[in-house]
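Residue numbers for the sequence shown follow UniProt numbering, so the first one is 1 and each next one is one higher.
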Amino acid sequence: RSSTEIYIGLRQEEDEQENVQLPEEVASPRSPSSILKYFIHLSKNVDEQIDLHLIDRMISEGADINEPDRYGQIVLHQVAKSWQVDAAQFLIERQANVNKADDFGVTPLHVAAAVDYADMVTFLIEQGANINALTKGKQTPLHYAAKHDAVNTVKVLIRYNAEAYTRDHKQRTPLQLAAELDRSEAARLLINLKSDAGVQDNTGQSCMTLLVMNMPPVALLALDQFYIKDRANRRQHFYLNLVQPRTA
1 RSSTEIYIGL RQEEDEQENV QLPEEVASPR SPSSILKYFI HLSKNVDEQI DLHLIDRMIS
61 EGADINEPDR YGQIVLHQVA KSWQVDAAQF LIERQANVNK ADDFGVTPLH VAAAVDYADM
121 VTFLIEQGAN INALTKGKQT PLHYAAKHDA VNTVKVLIRY NAEAYTRDHK QRTPLQLAAE
181 LDRSEAARLL INLKSDAGVQ DNTGQSCMTL LVMNMPPVAL LALDQFYIKD RANRRQHFYL
241 NLVQPRTA
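This is the structure in structure tokens:
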């Protein structure tokens with residue numbers, strides 16, 4: 001649990017680098033639920049122990065565990081970032097919506113993926129989180145993990161069969177997004193997991209070109225995808241056309 005909660009990815013252009021403050025840093029005019037207010041209080045007072053009986057009493061008195069704040073986030077969004085998994089389990093057992101998307105389409109799984117909280121990612125998936133949920137920018141949790149170089153989370157998502165070729169609003173796969181933002185460790189892992197380096201975005205920009213420009217050692221690994229040995233005919237084929245940007 002952290003007293004300086006930063007929510008990553010809460011922007012219309014989801015590949016921008018700036019961070020945006022979580023709800024406790026911006027007053028909500030929509031009066032978030034007392035449960036959310038309580039967790040905000042705990043985030044600012046890290047030495048204070050969580051009172052589970054108090055939360056149960058709030059629920060019994062009518063507090064909505066899924067009531068959103070001004071950005072459409074519920075308490076599970078905040079817990080997914082830095083709280084213990086037990087806290088998330090407590091909330092989900094009391095009907096917190098594991099797939100609740102905020103106003104930007106970001107789910108708790110996106111949040112956990114962005115900060116490389118692999119244990120939370122695993123837990124949320126096992127609790128029914130949509131592993132391929134799309135934000136308003138059409139980015140999956142794997143996009144979020146890739147663009148934040150969240151290598152441990154990339155491994156978890158791939159192990160649970162996350163779709164590696166979903167394209168976002170700019171037609172970028174998770175690998176191309178990692179290449180564009182110079183997230184070399186995530187890109188290296190995705191290439192080792194056989195993600196296609198020959199894809200292009202909506203401008204015709206080649207993923208391979210970005211790899212060459214931003215991370216040459218990783219690009220070298222990807223070159224194997226463009227090389228085929230024809231042993232029967234003793235020939236070698238190099239698909240260099242897939243490396244070049246598409247021309248108009």
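The beta carbon of each residue, even a glycine, is placed where N, CA and C say it ideally should be.
Computed from a prediction, not measured in an experiment: that's the story for all the values here.
Could you check where the alpha helix (DSSP H) with M215 kicks off and where it finishes? Where M215 is concerned, there is no enclosing alpha helix (DSSP H), given that its DSSP letter is neither H nor E.
Exposure of V79, with buried meaning 16 or more beta-carbon neighbours within 10 Å: buried
With a CB to CB cut of under 8 Å and the five nearest residues on each side skipped, what residues in its chain are close to L54? Y38
Taking the alpha helix (DSSP H) that K147 belongs to, which residues open and close that run? 141-147
Nearest residue (CA-CA) to H77, options A96, Y160, L221: A96
At which residues does the alpha helix (DSSP H) containing L223 begin and terminate? Unbroken run through L223: none, as it is neither H nor E.
Please go through the same chain and pick out, in chain order, the residues whose beta-carbon is closer than 6 Å to the beta-carbon of I74, but skip the five residues on each side of it. The residues are N66, P68, K100.
Find the nearest neighbour of D64 within the set Y71, L36, Q84, judged by alpha-carbon distance. L36
From P108, A114, K147, residue whose alpha carbon lies closest to that of G128: P108
Can you tell me where the alpha helix (DSSP H) holding K81 begins and where it ends? Run containing K81: 75-82, per the alpha helix (DSSP H) assignment.
Which term fits D102, buried or exposed, when burial requires 16 or more other beta carbons within 10 angstroms of its beta carbon? buried
Alpha carbon to alpha carbon, what distance is there between K81 and Y117? 7 Å
Tell me whether the beta-carbon of L181 lies closer than 7 Å to the beta-carbon of K147. yes
Please go through the same chain and pick out, in chain order, the residues whose beta-carbon is closer than 8 Å to the beta-carbon of F123, but skip the five residues on each side of it. Short of 8 Å from the beta carbon of F123, and not among the five residues preceding or following it, lie these beta carbons of its own chain, in chain order: V85, A88, Q89.
Roughly how many angstroms lie between the CA atoms of V121 and G204, to the nearest whole one? 33 Å
Opening and closing residue of the alpha helix (DSSP H) in which H110 lies: 108-114
With burial defined as no fewer than 16 other Cβ atoms inside 10 Å of the residue's Cβ, what is the status of H143: buried or exposed? buried
What is the DSSP secondary structure of S206, counted as helix, strand or coil? Of the three classes helix, strand and coil, the one that applies to S206 here is strand, per DSSP.
Return the CA-CA distance between M208 and A197, expressed in angstroms with no decimal places. 5 Å
Once you ignore the five residues that flank A27 on each side, which residues in its own chain have a CB closer than 6 Å to its CB? Here the model assigns A27 a pLDDT of 36, short of 50, so the residue's position is not dependable, and the following value carries that caveat. For A27, where only same-chain residues beyond five positions count, there are no Cβ hits under 6 Å.
What residue range is occupied by the uninterrupted alpha helix (DSSP H) comprising R57? Where R57 is concerned, the enclosing alpha helix (DSSP H) stretches over 52-60.
Skipping 5 residues on each side, what residues in its chain have a beta carbon closer than 6 Å to that of Q225? Once the five neighbours on either side are set aside, the close Cβ partners of Q225 are A197.
According to DSSP, is Q200 part of a helix, a strand, or is it coil? When DSSP states are grouped into helix, strand and coil, Q200 belongs to the strand group.
Indicate the three-state DSSP secondary structure (helix, strand or coil) for R159 in the structure shown. helix
Rank L220, R159, A179, V151 by C-alpha distance to the C-alpha of Q200 and give the top, closest one. A179
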